[in-house]
Amino acid sequence: QKEVEQDPGPLSVPEGAIVSLNCTYSNSAFQYFMWYRQYSRKGPELLMYTYSSGNKEDGRFTAQVDKSSKYISLFIRDSQPSDSATYLCAMRRETSGSRLTFGEGTQLTVNP
Amino acid sequence: EAGVAQSPRYKIIEKRQSVAFWCNPISGHATLYWYQQILGQGPKLLIQFQNNGVVDDSQLPKDRFSAERLKGVDSTLKIQPAKLEDSAVYLCASSSYRDPYEQYFGPGTRLTVT
């Protein structure tokens, strides 16, 4: 069983839609939760990170962590064609220097 | 601020050949990471350096992969001999002491082994 599971998609939505991206995980030691965006033929870039449970909002993006369910989500409001990319969840333990474990990524296309 | 630099961007080799990738992290970043990203998968950490010391190389196939970070700045990842299953994008990332949770990724080197 993989430590981190992510729906690979692909996901195609019209411009302006609300997008929900999700990951589940099995390792209860994970404490830091990240979302990366990866455009085609580019390296991933960090969108948001959250420590432990709760919500975090940054502009059109909201990250949610539910540690009791081992479930994290990223919501994108008013999606734009420029949001078209692969979204990767990643997580790590609290121990200093611990590695990031990534999900497989969800490919999102926002159609004008 | 210049980003993480990697070269070459693309490489095609035959199986059993050797190949090397180079990474120059963001200036001042003490931690450097090499990831392997197979098509359709998330990045997998191969090795992590703190300055020029290895922090984590538990997922590095040491019989064929090696990496070094001389003088704690740039780094080289080598594969010898390459196998078909090594076809992937090799990503380098770096992070600073000040914000260790944000890793900055380079554009990657796309390796095709035929």
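In order, the protein sequences belong to chains F and Y. Sequential numbering from 10 applies to the first sequence in the working numbering. Sequential numbering from 400 applies to the second sequence in the working numbering. Glycine residues also receive a C-beta, built at the ideal position from the N, C-alpha and C atoms.
- Listed by position along chain Y, the residues whose Cβ is nearer than 9 Å to that of leucine 117 of chain F form an empty set, because the closest Cβ is around 15 Å away.
- Residues of chain Y whose Cβ lies closer than 7 Å to the Cβ of lysine 76 of chain F do not exist; the shortest such Cβ separation is about 17 Å.
- In the three-state reduction of the DSSP assignment, proline 53 of chain F falls in the coil class.
- An exposed status is given to glutamine 89 of chain F, since fewer than 16 other beta-carbon atoms sit within 10 Å of its beta-carbon.
- Nearest neighbour of tyrosine 503 of chain Y by Cα position, chosen from Y:Ala429, Y:Ala419, Y:Val453 and Y:Arg408, turns out to be Y:Ala429.
- Straight-line measurement puts the Cα of threonine 118 of chain F at about 32 Å from the Cα of serine 107 of chain F.
- Closest in alpha carbon position to asparagine 31 of chain F, among F:Gln10, F:Tyr41, F:Tyr96 and F:Tyr58, is F:Tyr96.
- Apart from sequence neighbours up to five positions away, the residues of its chain that approach isoleucine 437 of chain Y with a beta-carbon distance below 7 Å are Ala487, ordered along the chain.
- Spatial neighbours of valine 454 of chain Y in its own chain (CB-CB distance under 8 Å, excluding positions within 5 residues in sequence) are listed in chain order as Thr430, Gln447 and Phe448.
- Interface residue (Cβ-Cβ distance to chain F less than 8 Å): phenylalanine 504 of chain Y is classified as such.
- Residues of chain F whose Cβ lies closer than 8 Å to the Cβ of valine 454 of chain Y are, in chain order, Gly106.
- Under the DSSP assignment, glutamate 14 of chain F falls in the beta strand (DSSP E) whose first and last residues are 13 to 15.
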